[in-house]
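Residue numbering for the sequence shown follows my numbering, starting at 22 and increasing by one per position. Please read the structure below before turning to the comments.
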Amino acid sequence: MHASTSAKKQQARIVALQAEIDELQNVLGEGEVAEKIVSRHIKLLHQYNEAKDATQILIGKLAAYRQTTIRQIHIDYGLADDD
Numbered sequence: 022m023h024a025s026t027s028a029k030k031q032q033a034r035i036v037a038l039q040a041e042i043d044e045l046q047n048v049l050g051e052g053e054v055a056e057k058i059v060s061r062h063i064k065l066l067h068q069y070n071e072a073k074d075a076t077q078i079l080i081g082k083l084a085a086y087r088q089t090t091i092r093q094i095h096i097d098y099g100l101a102d103d104d
């Protein structure tokens with residue numbers, strides 16, 4: 022058994038969804054293609070991860086030079102564990 026929804030409620034839902042689509046389109050930019058946005062995001066994540074990996078290597082070398090732990094270097098420089 023299906024719950025009946027009035028035509029008025031259906032139309033109100035359609036209007037609300039269209040407003041949400043319009044708002045999201047404004048945030049993303051007019052005419053933006055989802056695949057392009059995802060591709061750019063993935064590229065930026067790769068760049069971030071490469072920079073983070075290089076930083077961790079340098080922190081490891083600094084820890085070895087100072088004869089301390091990487092954790093202590095993080096504490097000394099106020100770096101969060103999740104950075």
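Just so you know, even glycine gets a beta-carbon here, dropped at the ideal spot from N, CA and C.
Report task. Could you tell me the distance, in whole angstroms, from the CA atom of residue 58 to the CA atom of residue 67? Result -> So the alpha carbons of these two residues sit roughly 14 Å apart.
Query raised in the report: Rounded to a whole number of angstroms, what is the C-alpha to C-alpha distance between residue 44 and residue 100?
Result: In this model, residue 44 and residue 100 are separated by some 37 Å (Cα to Cα).
Report task. Please report how far the alpha carbon of residue 87 lies from the alpha carbon of residue 60, in whole angstroms. Result -> Distance from the CA atom of residue 87 to the CA atom of residue 60, rounded to whole angstroms, is 41 Å.
Query raised in the report: In three-state terms, what does DSSP make of residue 103?
Result: Note: residue 103 maps to coil in three-state DSSP.
**Report entry** Residue nearest to residue 81 in terms of C-alpha spacing, selected from 72, 95, 70, 69
**Finding:** In terms of CA proximity to residue 81, 95 leads the group 72, 95, 70, 69.
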